[in-house]
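*Asks:*
There are 2 protein chains.
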Amino acid sequence: MLETTALLTDHYELTMVQAAMGSGTAFRRSVFELFPRRLPEGRRYGVVAGTGRALDAVENFRFDDETVSFLREAKVVNDEVAQWLSTYRFSGDIWGYPDGEIYFPGSPIMVVEGTFAEAVVLETVLLSIFNYDSAVASAASRMTAMAGDRPCIEMGSRRTNEWSAAVAARAAYIAGFASTSNLEAGRTFGVPTAGTAAHSFTLLHDTEEDAFRSQLAALGNNTTLLVDTYDVIEAVKKGVELTNGRLGAVRLDSGDLLTQAVDVRRLLDSLGAVNTRIIVTSDLDEFQIAALRAAPVNGYGVGTQLVTGSGAPTCGFVYKLVSRADSEDPAAPLEPVAKKSLNKGSVGGRKFALRRLDANGIAEAEVIGVGAPPEGDTNDRPLLVELVRGGEIVGREPLSDARERHQRVRGELPSAAFKMSKGYPAIVTIMLDAEGDQTFNPYAPEA
Amino acid sequence: MLETTALLTDHYELTMVQAAMGSGTAFRRSVFELFPRRLPEGRRYGVVAGTGRALDAVENFRFDDETVSFLREAKVVNDEVAQWLSTYRFSGDIWGYPDGEIYFPGSPIMVVEGTFAEAVVLETVLLSIFNYDSAVASAASRMTAMAGDRPCIEMGSRRTNEWSAAVAARAAYIAGFASTSNLEAGRTFGVPTAGTAAHSFTLLHDTEEDAFRSQLAALGNNTTLLVDTYDVIEAVKKGVELTNGRLGAVRLDSGDLLTQAVDVRRLLDSLGAVNTRIIVTSDLDEFQIAALRAAPVNGYGVGTQLVTGSGAPTCGFVYKLVSRADSEDPAAPLEPVAKKSLNKGSVGGRKFALRRLDANGIAEAEVIGVGAPPEGDTNDRPLLVELVRGGEIVGREPLSDARERHQRVRGELPSAAFKMSKGYPAIVTIMLDAEGDQTFNPYAPEA
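As they're listed, the protein sequences go chains A and B. Letter 288 of the first sequence, counting from 1, is numbered 1031 in our numbering, and no numbers are missing. Letter 362 of the second sequence, counting from 1, is numbered 1105 in our numbering, and no numbers are missing.
(1) Would a check of beta-carbon distances place aspartate 1006 of chain A closer than 8 Å to chain B?
(2) What does the Cβ neighbour count give for asparagine 1184 of chain B, buried or exposed, with the cut at 16 atoms within 10 Å?
(3) Can a CB atom of chain B be found closer than 8 Å to the CB of valine 811 of chain A?
(4) Between the stretch 1126-1136 of chain A and the stretch 821-841 of chain A, do at least 3 Cβ pairs fall closer than 8 Å?
(5) Starting from methionine 759 of chain A and walking both ways along the alpha helix (DSSP H), at which residues does that stretch end?
(6) From the DSSP secondary-structure annotation, give me the bridge partner or partners of glycine 919 of chain B.
(7) For threonine 1002 of chain A, is the classification buried or exposed, using 16 other Cβ atoms within 10 angstroms of its Cβ as the cut-off for buried?
(8) Closer than 7 Å by beta-carbon distance: list the chain A residues that pair up with arginine 732 of chain B, in chain order.
(9) Using only alpha-carbon positions, find the residue among B/Val855, B/Tyr840 and B/Pro894 that is nearest to serine 877 of chain B.
(10) Give the residues of chain A in contact with isoleucine 872 of chain B, contact being defined as C-beta atoms less than 8 Å apart.
(11) What residues are listed by DSSP as bridge partners for proline 841 of chain A?
(12) Any C-beta of chain B within less than 7 Å: which residues of the stretch 969-1000 of chain A qualify?
(13) According to DSSP, is serine 997 of chain A helix, strand or coil?
(14) Beta-carbon within less than 7 Å of histidine 942 of chain A's beta-carbon, same chain only, minus the 5 sequence neighbours each way: which residues are those?
(15) Just reading off the alpha helix (DSSP H) that leucine 959 of chain A is part of, what are its end residues?
(16) According to the neighbour-count rule (16 or more other Cβ atoms, all chains shown, within 10 Å of its Cβ), is valine 1017 of chain B buried or exposed?
(17) Starting from the Cα of glycine 1138 of chain B, find the closest Cα among B/Gly795, B/Thr1024 and B/Glu1155 and give me that residue.
(18) Taking only runs that begin and end inside the stretch 866-911 of chain B, name each unbroken alpha helix (DSSP H) of 4 or more residues, in chain order.
(19) Which one of A/Val868, A/Asn803, A/Gly991 and A/Asn1103 has the shortest CA to CA distance from isoleucine 1136 of chain A?
(20) Buried or exposed for aspartate 842 of chain B, going by 16 or more other Cβ atoms inside 10 Å?
(21) Residues of chain B with a CB under 7 Å from the CB of threonine 867 of chain A: which are they?
(22) Step through the CB atoms of chain B and report whether any lies within less than 8 Å of the CB of asparagine 965 of chain A.
(23) If distances are taken between C-alpha atoms only, which option among B/Ser1143, B/Met1174, B/Leu1156 and B/Glu1107 comes closest to isoleucine 917 of chain B?
(24) In its own chain, which residues sit with a C-beta less than 7 Å from the C-beta of aspartate 807 of chain A, not counting the 5 before and 5 after it?
(25) Is the stretch 842-851 of chain B touching the stretch 757-770 of chain B in the sense that three or more CB pairs, one from each, lie closer than 8 Å?
(26) As a quick exercise: from B/Ile872, B/Ile1111 and B/Thr967, pick the residue whose alpha carbon is nearest that of methionine 759 of chain A.
(27) Buried or exposed: alanine 992 of chain A, going by 16 or more other Cβ atoms within 10 Å of its Cβ?
(28) Whether or not the stretch 845-856 of chain B and the stretch 881-901 of chain A are in contact is what I'm after, with contact meaning three or more pairs of Cβ atoms, one per stretch, closer than 8 Å; do they touch?
(29) With 8 Å set as the bound, which would you pick, yes or no: does the beta-carbon of lysine 1083 of chain B sit closer than that to a beta-carbon of chain A?
(30) In the DSSP assignment, the beta strand (DSSP E) including isoleucine 1111 of chain B goes from what residue to what residue?
(31) In angstroms with no decimal places, state the Cα-to-Cα distance between leucine 865 of chain A and isoleucine 872 of chain A.
(32) Using the rule of at least 16 other Cβ atoms within 10 Å of the residue's Cβ for burial, across every protein chain shown, is alanine 1037 of chain B buried or exposed?
(33) Would DSSP call glutamate 784 of chain B helix, strand or coil?
(34) Please report the distance separating the alpha-carbon of serine 924 of chain A from that of serine 1025 of chain A.
(35) With C-beta atoms as the reference, is glycine 1044 of chain B less than 8 Å away from methionine 898 of chain B?
(36) Would you report the Cα separation of methionine 1174 of chain A and alanine 1115 of chain A, rounded to the nearest angstrom?
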């Protein structure tokens, strides 16, 4: 989006680098982790989105001349830091949960190893990406789970920041949405785009019939006609008449969608338009989609509630230093560190993770190893993949892979994951120390 | 942000242009309006932010070669539309509420007059900008109102999309925030930035004292030390000791902020650090800020709840065709149009607006004239300003003007506007027809 992502950064990241350079600690080898302390209230699972975008952001995290000049003139950094920034390039290693993976409290979504200075400056942009993208993907997955085989169309661009709009479409696509209204998402991320007409198009014409004729002439009989500008029944009749019963779909965008869908389906069938689909679009969320399961609806257009995370507009991921060397010697061993702040304590030590699956392939636990990978059975599935090695991006993949992954790993979840009522995470988080024994676990249900 | 804003657009905007070109209606003179049907549930007033950004978006709404090629290859548009897009430049007129203005249900935030085609394609990006920016500004204004003279610092970048982060800082600044953590907001919008250190900085060092020494050496005694990594009391004592009582501030980021602030204030005073300020930052919102009024707190850092609109992450603004000519003749008169959709009907006809003020300058009503400007008393204040004239941007202003405006116009509101409990809009919306008589008013409290 921006040519450089370097200023999508909190002021204090650079202040810390400056102070640490002064105290000779800036280049201590360090491990930061990005993780959730909990799921949004009542949610059963979360969905990771943002990994691919995070890799782009790391690659584009460069301080060009104009950026460095701004930082110097604004007195954010001194000359020494400015010099270091001007040649900044992340040179460390990153592992993480790939796009489309499921997460639970404590999941180490991203593990970043490098010097303190090079890793700390990535904090803000990584959190921004994962906190928003995953909020949308988590809501989207609940919607597509409730929609079953019926396609969901992402159309929330207008209800969120203009660039959020494009990335929301990407996140929704990963979580099973069929298409988006957002053209930038089509260009930048390759998400299929779709769209037909708004009420303004009908109002522009002298009559609704004129508008329908105009749209059919431009887009063909297989288009979707918006039928609620004036009178739904009259509009449906007109659409069927103008297409000799071969109309692609009608869209309902107001009123009680359940009863209207029933009435419109009956009318369409009585007119012989048995293949004309019904798309509904007004203020839908996962609960409404579930409530419409019994209705004769063929597709859902979802806007506001999707792009705002359906009540959970951010995931609350944090990025914490969990391990660091006690000198700038690159060979110095890493030592776990943790803060003790009330209610916000962290668990020191590098994390590893696997999803424990039972003999039927159903998820039972999120197993997090502290300081060493937990041992898994043959069914268990390691969750961290290598994303960056020595500064080189190695974890890129097509968006379709993320979409397929999400469908696959969502299929591992126990059925309780798909209850729409508020509840606990669908599986427990288990923390194991390097010896494989259970250790302090702030993510235990009783904690 | 992007070189062009043209694809921050819903697919159907271009599909409509294509169909309307086919039916000879695309260039009918039209008026679109951007407005809220209501305030977020329980809110007493809303704050406009986004106007200045919207002007930039209109100016940068150009379809360059690469963009047009994408649209052709993706078969979004035909050759005729592609040709029209390649020379697109908005040539009409725009009026609107300036940044920082207050809004109420039905306020015509933006009035766009041009051909249908040139005006309809702006729908998505204008809504994206106003819906997010104003959501943040509306939440921010409640926070600064509760904070009174104590400064609020915007630090929510990490909890929202990376570009939302920068524009949230702009919106918060308009609504009275003193500064932001976001460096891109500093560069792009000129918002003052600030920042010191995170817990990771303390954990990086061998001891908290080492970390404090390092920070004080880099940033001077006037800096803010984060004191809750291990033990707050010990940290405060250490910070005072290292600065001989001249420490600028301490930051509390966890635990019960009220009791801690009292304890820390007492400790600071007992140590002679009577000028050391206390900044609090953990999960604050307008209710928490209000609850801390009696606490010895000198400033608030606000993150998640600010950038997510404190429960209302979008404003629900819509963009509707309210008037259009019945031919493409530029001289043809405009005729009001309105849709009749259930619960989502619109009011046809171009809107004008003023804020009715009583003899003491206190706001009494949002008066919306349909088809003609309402007549006002001498105290009344017209709300729409000219922003674009014949395609030329004429409404630009410095961000400081918007910030001053907000403080001024918020001062006009009756005291009920600042109740934190859920309630009705602080003033009523009145709709007058061209003769000055009350007319159909979907924004009346009883409607």
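We put the beta carbon where it would ideally sit given N, CA and C, even for glycine.
*Replies:* With the structure as the only source:
(1) Translated into positions along the first sequence, residue 1006 of chain A becomes position 263. It does not: the Cβ of aspartate 1006 of chain A has no partner Cβ on chain B nearer than 8 Å.
(2) Looking up residue 1184 of chain B in the second sequence gives position 441. Asparagine 1184 of chain B is buried by the Cβ-count criterion.
(3) For the purposes of this step, residue 811 of chain A is taken as the residue at position 68 of the first sequence. False, the Cβ-Cβ gap to chain B never drops below 8 Å.
(4) yes
(5) Position 16 of the first sequence, counting from 1, holds the residue named residue 759 of chain A. 754-766 is the span of the alpha helix (DSSP H), which, as asked, contains methionine 759 of chain A.
(6) What you label residue 919 of chain B is simply residue 176 of the second sequence in a count that begins at 1. Its beta-bridge partners do not exist; DSSP assigns none.
(7) Taking the first sequence and counting its residues from 1, the one referred to as residue 1002 of chain A is at position 259. Under this definition threonine 1002 of chain A is an exposed residue.
(8) No statement about residue 732 of chain B is possible, as the shown extent of chain B runs from 744 to 1190 and does not include it.
(9) Taking the first residue of the second sequence as 1, we reach residue 877 of chain B at position 134. Of the listed residues, the one whose Cα sits closest to serine 877 of chain B is B/Tyr840.
(10) Walking along the second sequence from the start, residue 872 of chain B turns up at place 129. Going along chain A in sequence order, the residues near isoleucine 872 of chain B (Cβ under 8 Å) are Asn904 and Glu905.
(11) For the purposes of this step, residue 841 of chain A is taken as residue 98 along the first sequence, with counting starting at 1. Answer by DSSP bridge pairing: none, since proline 841 of chain A is not bridged.
(12) Asp971, Thr972, Tyr973, Asp996, Ser997 and Gly998
(13) Here residue 997 of chain A is taken as the residue at index 254 of the first sequence, counted from 1. Looking at serine 997 of chain A - three-state DSSP - the assignment turns out to be coil, as it is neither helix nor strand.
(14) As a first step, residue 942 of chain A must be located in the first sequence, where it is residue number 199. Around histidine 942 of chain A: Leu969 and Thr972.
(15) As a position in the first sequence, residue 959 of chain A is number 216, starting the count at 1. 951-962 is the extent of the alpha helix (DSSP H) around leucine 959 of chain A.
(16) Position 274 of the second sequence holds residue 1017 of chain B. Burial call: exposed.
(17) What you label residue 1138 of chain B is simply residue 395 of the second sequence in a count that begins at 1. The shortest C-alpha to C-alpha distance from glycine 1138 of chain B to any of B/Gly795, B/Thr1024 and B/Glu1155 is the one to B/Gly795.
(18) 866-890
(19) In the first sequence, counting from the first residue as 1, residue 1136 of chain A sits at position 393. The shortest C-alpha separation from isoleucine 1136 of chain A is found at A/Asn803.
(20) Here the question's residue 842 of chain B lines up with position 99 in the second sequence. Per the 10 Å Cβ criterion, buried.
(21) Start at 1 with the first residue of the first sequence, and residue 867 of chain A comes out as number 124. Neighbours of threonine 867 of chain A on chain B, chain order: Ser900 and Arg901.
(22) Counting from one through the first sequence, the residue named residue 965 of chain A turns up at place 222. Answer no: the Cβ-Cβ gap between asparagine 965 of chain A and chain B never drops below 8 Å.
(23) To locate residue 917 of chain B, count along the second sequence from 1; it is residue 174. Isoleucine 917 of chain B has its Cα closest to that of B/Ser1143, out of B/Ser1143, B/Met1174, B/Leu1156 and B/Glu1107.
(24) Locating residue 807 of chain A in the first sequence gives position 64, where the first residue counts as 1. Hits under 7 Å: Thr747.
(25) no
(26) Translated into positions along the first sequence, residue 759 of chain A becomes position 16. That would be B/Thr967, whose Cα lies nearest to the Cα of methionine 759 of chain A.
(27) On the first sequence, residue 992 of chain A is found 249 positions in, with the first residue counted as 1. That one is buried.
(28) no
(29) Here residue 1083 of chain B refers to the residue found at position 340 of the second sequence. Interface residue, yes.
(30) Start at 1 with the first residue of the second sequence, and residue 1111 of chain B comes out as number 368. Note, isoleucine 1111 of chain B: beta strand (DSSP E), 1106-1113.
(31) Counting from one through the first sequence, the residue named residue 865 of chain A turns up at place 122. Counting from one through the first sequence, the residue named residue 872 of chain A turns up at place 129. Their Cα atoms are separated by approximately 11 Å.
(32) Start at 1 with the first residue of the second sequence, and residue 1037 of chain B comes out as number 294. Burial call: exposed.
(33) Mapped onto the second sequence, residue 784 of chain B falls at position 41. DSSP places glutamate 784 of chain B in coil when its eight states are reduced to three.
(34) Locating residue 924 of chain A in the first sequence gives position 181, where the first residue counts as 1. Locating residue 1025 of chain A in the first sequence gives position 282, where the first residue counts as 1. The straight-line gap from Cα to Cα measures roughly 15 Å.
(35) Numbered from 1 along the second sequence, position 301 holds the residue referred to as residue 1044 of chain B. Numbered from 1 along the second sequence, position 155 holds the residue referred to as residue 898 of chain B. For glycine 1044 of chain B and methionine 898 of chain B, yes; Cβs fall inside 8 Å.
(36) As a position in the first sequence, residue 1174 of chain A is number 431, starting the count at 1. As a position in the first sequence, residue 1115 of chain A is number 372, starting the count at 1. Each residue's alpha carbon lies about 11 Å from the other.
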